[in-house]
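K.L.:
Please find one structure pasted underneath; my questions will follow.
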Ligand code: BES
Ligand code: MN
Ligand code: ZN
């Protein structure tokens, strides 16, 4: 879908009217023009309402199989006098874009309806237009993240992921992509990433996308390390067959990291940021790493592999060490579809958020609410005690199949890798929120949600080291 900020729209475009007095929607026709009346039952008051109205309009348009819409900003949006027109426009456009996304790329060519193609917005003031343009850029970027996540693993494997990122970054100012290939990873000691990926024919790689938004400073403000497991069948601790379904999306954190930094670059935000994605397939073969192996990571520390299905924390550990060695960031955030346990704890409404810096926690909660990517603060300090190993520096899971506090233990493993950094460490577990939309949230059912890209963009825009 394209959002056009225009003076006028073609006559065939269906006019969207937001009606504060009703709470249903219907299609009517006056003279030549069709009108989609969408009842909002009240005024637009908070970010969640604006988001749900934007998504609702798109859902209705899909239900009615409409392809061109026009929204007249003068008469439809009952924003009050003091409202922030820029932010509202931004949120509205982003959510229109998110709700426009439909997966189904590999279905047979369908001649039928293929979604809303054009959304015209007319009569908006400068602030509103700027907000809408920004929101559209963010929305398109989030949808690109979702396309990557929704790709099957036979199309998107580690090296191909790297090539896609190179392509996406082409022509964007101040952005650089470097892919470290398997041979180099082996030579340079990325033992954990290599261990997880070596059993597959499609070898692992490390994808790095950096954006330099502050030409006068060489300091890296933010590093986002995203899990890039393009298929997770569990390894020798093989998953049950049903549990492999969906595991082509186990690179959702990696795609989110890349797209957040790329969106920051497109918006020319004044921040120096880097996205780092350790990418691997976690398969089974006679070359794969095995339960009870001991592996030395890039940080020189050894890990006892008690469960090969806890692979995310392993690749992330090398990703974190890479981030610290090469970039020494003020803030390091890991993003990963890391644990099934977070789905049990928080479901799909909140992303699990782990961090020991109170002020940063408060900011993230607010940015989460503003973007609809709500986070829930969870504890991780002390849980590393469960990872004591008798043969190595640390174990990757609790011994004897222990499952207590699974998400917290996983976060503690990551925090241990970052414990000597000069800044803030935080971790987002998106296994419940990132992988599949419910349909009830206005997003395409079963497709990736793009969570937490909007939150990360907000963070890249607003986070300052001293704050
Ligand atoms: N990618 C999975 C986490 C996951 C599970 C995401 C279900 C979405 C749905 C991760 O690599 C994994 O397998 N985690 C294990 C950890 C366990 C072995 C300690 C899990 O959650 O079962
Ligand atoms: Mn796993
Ligand atoms: Zn995994």
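Residue numbers (the working numbering): 2 to 468. Quick reminder that beta carbons are idealized off the backbone N, C-alpha and C, glycines included.
(1) DSSP three-state label for residue 34, please.
(2) Smallest Cα separation from residue 365: which of 323, 205, 319 and 429?
(3) Taking 7 Å as the cut-off, does the CB of residue 432 come closer than this to any heavy atom belonging to ligand 1?
(4) Specify whether the stretch 133-142 and the stretch 174-181 touch according to this definition: at least 3 beta carbon pairs, one from each stretch, less than 8 Å apart.
(5) Would residue 36 and residue 16 qualify as a contact pair, given that the criterion is a beta-carbon distance under 8 Å?
(6) Under a Cβ-count criterion, where at least 16 other Cβ atoms within 10 Å of its own Cβ denotes burial, should residue 171 be classed as buried or exposed?
(7) Whose C-beta lies closer than 7 Å to the C-beta of residue 129 among residues of the same chain, with five residues either side of it excluded?
(8) At what residue ranges does the stretch 421-456 contain a whole run of the beta strand (DSSP E), taking only runs of 3 or more?
(9) On the three-state DSSP scale, how would you describe residue 229?
(10) Taking the straight line between their C-alpha atoms, what separation do you get for residue 6 and residue 268?
(11) Apply the 10 Å Cβ neighbour rule to residue 293 and answer buried if 16 or more other Cβ atoms are within range, or exposed otherwise.
(12) What residue does the alpha helix (DSSP H) around residue 60 start on, and which one ends it?
(13) For residue 185, verify whether its CB is less than 7 Å away from any heavy atom of ligand 3.
(14) Counting pairs of Cβ atoms below 8 Å between the stretch 412-424 and the stretch 101-119, do you hit three or more?
(15) Rounded to the nearest angstrom, what separates residue 339 and residue 132 at their Cα positions?
(16) Work out the CA separation of residue 331 and residue 382 for me, nearest whole Å.
(17) Give me the residue from 341, 334 and 308 with the minimum Cα distance to residue 354.
(18) Between residue 350 and residue 152, what straight-line distance do the alpha-carbon atoms span, to the nearest angstrom?
(19) Cα-Cα, which of 328, 324, 47 and 160 is closest to residue 218?
(20) Count the CB pairs spanning the stretch 278-292 and the stretch 376-396 that are closer than 8 Å, and state whether there are at least three.
(21) Helix or strand or just coil, what does DSSP make of residue 390?
(22) Comparing the CB of residue 398 with every heavy atom of ligand 4, is any distance shorter than 7 Å?
(23) Hey, quick one: how far does the alpha helix (DSSP H) through residue 245 stretch, first residue to last?
(24) Report yes if the C-beta of residue 310 is less than 7 Å from at least one heavy atom of ligand 2; otherwise report no.
(25) Quick check: the stretch 241-249 against the stretch 114-126, are at least 3 beta-carbon pairs closer than 8 Å?
(26) Is there contact here, the stretch 395-415 with the stretch 307-324, by at least three beta-carbon pairs under 8 Å?
(27) Looking at ligand 3, does it come within less than 7 Å of residue 470, judged from the CB to the closest heavy atom?
(28) Does DSSP put residue 272 in a helix, in a strand, or in coil?
(29) Can you check whether the CB of residue 316 is closer than 8 Å to the CB of residue 143?
(30) Measuring CA to CA, which of 84, 27, 98 and 18 is closest to residue 71?
(31) For residue 22 and residue 38, I'd like the C-alpha separation in whole angstroms.
(32) Straight-line CA distance for residue 489 to residue 11?
(33) Quick one: is the Cβ of residue 247 within less than 7 Å of any heavy atom of ligand 2?
(34) Identify which residue in 435, 92 and 403 has its Cα closest to the Cα of residue 347.
(35) Taking the beta strand (DSSP E) that residue 207 belongs to, which residues open and close that run?
(36) Taking only three categories from DSSP, how would you classify residue 288?
P.N.:
Considering the structure as presented:
(1) strand
(2) 429
(3) yes
(4) no
(5) yes
(6) exposed
(7) Correct list, in chain order: 74, 86 and 90.
(8) 425-430
(9) strand
(10) 18 Å
(11) exposed
(12) 48-64
(13) Judged by the Cβ position, residue 185 fails to qualify as a neighbour of ligand 3 at the 7 Å threshold, every heavy atom of the ligand being at least this far.
(14) no
(15) C-alpha separation (whole angstroms): 34 Å.
(16) 20 Å
(17) Taking only the C-alpha atoms, the option nearest residue 354 is 334.
(18) 24 Å
(19) 328
(20) no
(21) coil
(22) As for ligand 4, it is missing from this structure, which binds only ligand 1, ligand 2 and ligand 3.
(23) 242-245
(24) It does: the Cβ of residue 310 is within 7 Å (strictly closer) of some heavy atom of ligand 2.
(25) no
(26) Between the stretch 395-415 and the stretch 307-324 there are three or more C-beta pairs closer than 8 Å, enough to call the two in contact.
(27) Given a span of 2 to 468 for the chain in the structure shown, any question on residue 470 remains unanswerable.
(28) coil
(29) no
(30) 18
(31) 11 Å
(32) This structure leaves residue 489 out entirely; the chain is present only between 2 and 468.
(33) no
(34) 435
(35) 206-213
(36) coil
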